[in-house]
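Per this note's numbering, the sequence shown starts with residue 98, numbered consecutively. Below is one structure, written out as structure tokens, with a few remarks after it.
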Amino acid sequence: MLMTDKLFKKSEAQRALRVSLPTLDRMIARGDLPVVRLAERTIRISESAIRDLIAQRTERRAQSAGEA
């Protein structure tokens, strides 16, 4: 995480990634999406983590489109 990264709430990250909250929770549990824990129940997701995940998904889609 970069020091200048904006931190997003789970609901904001969910909208940016276009996934449901249960899917977002699974991504966090698997370690696909690193989080910043501010308190026991308060987590935030960094802008760079969201950007990296979107880039990975875009790359996978491009590869699968090339195979078709």
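Just so it is clear, CB atoms sit at the ideal spot from N, CA and C, and this is done for glycine as well. Computed from a predicted model, the values in this text were never measured in an experiment.
Residues that residue i bridges to, as DSSP identifies them
| i | result |
| --- | --- |
| L150 | Answer is none; L150 lacks a bridge partner. |
Boundaries (first-last residue) of the alpha helix (DSSP H) holding residue i
| i | result |
| --- | --- |
| S108 | 107 to 114 |
| R123 | 118 to 127 |
Residue i versus residue j: straight-line alpha-carbon distance, rounded
| i | j | result |
| --- | --- | --- |
| I147 | L118 | 14 Å |
| G163 | T155 | 12 Å |
| I142 | E109 | 9 Å |
| R134 | I140 | 4 Å |
| F105 | A152 | 18 Å |
| V132 | V116 | 16 Å |
Extent of the continuous beta strand (DSSP E) to which residue i belongs
| i | result |
| --- | --- |
| R141 | 140 to 143 |
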